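Student:
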Amino acid sequence: MNPSIDRLYLFLLLIPLITIHEFAHAMVATLMGDRTPRDEGRLTFNPLVHMDLFGTLIIPAINIFLLPGGFGFFAWGRPVPTNPSLLKNPRLQGILIALAGPLANIITAFFILLIAKVVIPQDHKLSELFATFVLASIFLAVFHLLPVMPFDGWTIIKNIFRIPDQWEHQMGIFWFIAILIFLNLPPVYHFLEFSAYHLFMLLNLLSGSPLHR
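Okay, so the sequence shown: first residue is 1067 according to my numbering, each after it adds one.
1. Run the CB neighbour count on residue 1187, radius 10 Å, all protein chains shown included, and call it buried at 16 or more, exposed below.
2. Quick one: grab the DSSP three-state call for residue 1267.
3. With distances taken Cα to Cα, identify the nearest neighbour of residue 1171 among 1080, 1076, 1273, 1226.
4. Taking the Cβ atom as the reference point for each residue, do residue 1130 and residue 1196 lie within a distance shorter than 8 Å?
5. Return helix, strand or coil for residue 1107, following the three-state DSSP convention.
6. Which residue from 1210, 1213, 1099, 1259 puts its Cα closest to that of residue 1150?
7. Just to confirm the assignment, what range does the alpha helix (DSSP H) spanning residue 1207 have?
8. How is residue 1013 classed by DSSP in three states: helix, strand or coil?
9. With distances taken between CB atoms, is the gap from residue 1154 to residue 1276 smaller than 8 Å?
10. With a 10 Å radius around its C-beta and 16 neighbouring C-beta atoms as the bar for buried, classify residue 1034 as buried or exposed.
11. Determine the closest residue to residue 1203 out of 1073, 1086, 1247, with distance taken between C-alpha atoms.
12. Check residue 1219 in the structure and name its three-state DSSP category.
13. Hey, residue 1107 and residue 1094: beta-carbon distance below 8 Å or not?
14. Excluding the 5 residues preceding and the 5 following residue 1221 in the sequence, name in chain order all residues of the same chain whose CB lies nearer than 6 Å to its CB.
15. Can you tell me whether residue 1160 is helix, strand or coil according to DSSP?
16. Taking C-beta to C-beta, are residue 1214 and residue 1248 nearer than 8 Å?
17. Looking only at its own chain, which residues have a Cβ that is under 6 Å from the Cβ of residue 1223, when we skip the five neighbours before and after it?
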């Protein structure tokens, strides 16, 4: 496959994957009694309301098109607004809402593998496109489970250990820059790559898909 086309394909497929991720947060929050995502127009598959200028467009574009070997899977959407006071059990339900996005990406990956099993012959030229889609969805899930603010893993840790919200407000732009540096450290990169690849292999085995990576 042409490397330029491959990079463009990766960049474009991040948009529906992020949309699915953020919609899942909004749907679970709504099902649990928090009407805030619905009132804010986030209970939709319209990608325009979920896209973040930096997280969905600029950062992935830099990683994919400008940095040699850059990983475009470092991407995120606009956080879904929630109101914990509307939840019966804010701590537990907050964890479930945070888990919804990564879980939706993993389910999406598994669903694509099942489709591939039905429609793609062994070693067909489309298998690489499908495999990239699946791996991107899995990597996005693993990435968002990192216990680093402001990702879903941080929300889970914050609810488990009752970390006060003031911490987030005090970090500011310096914390954001620190995150970008942290994510590009070789040990972090290799951990994400290792985790995503083995989850890919597990889902591939469970689905019986012909895809390989």
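We treat Cβ as the ideally placed atom computed from N, Cα and C, and that holds for glycine. Since this is a predicted model, take the numbers as computed values, not measurements.
Tutor: By the coordinates alone:
1. exposed
2. Correct three-state label for residue 1267: helix.
3. 1080
4. no
5. coil
6. 1099
7. 1193–1210
8. Coverage of the chain is limited to positions 1067 through 1279, which leaves residue 1013 absent and any answer about it impossible.
9. no
10. In this structure the chain extends from 1067 to 1279, so residue 1034 is not present and cannot be described.
11. 1086
12. helix
13. no
14. 1164
15. The answer is helix: DSSP assigns residue 1160 an H, G or I state.
16. yes
17. 1213
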